[in-house]
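If you read the sequence shown in UniProt numbering, its first letter stands for residue 1, the second for the next number, and so on.
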Amino acid sequence: LGLDTYVQVTSPIRRYPDLAVHYQIKAHLRGDPLPFPAGDGQSQLVSFAREAGTLPRRLERSANAYWLREYLRRNAGRQFSAMVLGPAWEKGVFKLLLPELGALIDLRTSSKLTAGTLMELAPNKNGEFS
Numbered sequence: 001l002g003l004d005t006y007v008q009v010t011s012p013i014r015r016y017p018d019l020a021v022h023y024q025i026k027a028h029l030r031g032d033p034l035p036f037p038a039g040d041g042q043s044q045l046v047s048f049a050r051e052a053g054t055l056p057r058r059l060e061r062s063a064n065a066y067w068l069r070e071y072l073r074r075n076a077g078r079q080f081s082a083m084v085l086g087p088a089w090e091k092g093v094f095k096l097l098l099p100e101l102g103a104l105i106d107l108r109t110s111s112k113l114t115a116g117t118l119m120e121l122a123p124n125k126n127g128e129f130s
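Given below as structure tokens:
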């Protein structure tokens with residue numbers, strides 16, 4: 001931006017809870033009525049702010065998963081290096097890192113994999129590893 005000072009820009013959606021708190025504090029310090037008094041309105045505001053903060057993250061994860069799978073589908077049969085990070089959330093599923101893509105994937109297998117193991121994997125025509 002060519003500025004001599006520190007500048008930070010964030011999404012107003014993610015900043016909304018901070019702005020609402022500052023608005024409350026300023027009103028209290030001025031002796032004005034609180035814009036978000038205690039009660040149902042306040043809980044609705046908290047729910048809205050929480051959802052506004054989680055929705056962008058969910059959308060980002062979903063988009064990243066879609067484009068990773070699409071890339072792997074387009075590169076079906078190509079070998080990718082992978083490192084086992086450890087077991088995932090479900091029995092028989094392991095978390096792997098694809099360093100070339102900077103991506104984490106879940107691999108379902110009946111084999112026992114050890115963290116740190118390096119392996120070569122090729123996605124199938126659906127962009128999945130098996």
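Ideal Cβ placement from N, Cα and C applies to all residues, glycine included.
*Measure the alpha-carbon distance for T117 versus A82 and round it to whole angstroms.*
8 Å
*May I ask you to report which of helix, strand or coil DSSP gives E120?*
strand
*Per DSSP, F129 forms a beta bridge with which residues?*
DSSP lists no partner for F129.
*Where the beta strand (DSSP E) through R108 begins and ends*: A103 to R108
*So L104 packs on K91, CB below 8 Å; how close in whole Å?*
Not a contact, Cβ separation roughly 19 Å.
*Is the Cβ-Cβ distance between A122 and G86 less than 7 Å?*
no
_Every unbroken alpha helix (DSSP H) inside the region 39-73 [4 residues or more]_ = none
*asked:* In the DSSP output, which residue or residues are listed as bridge partners for L97?
replied: M83 and L104
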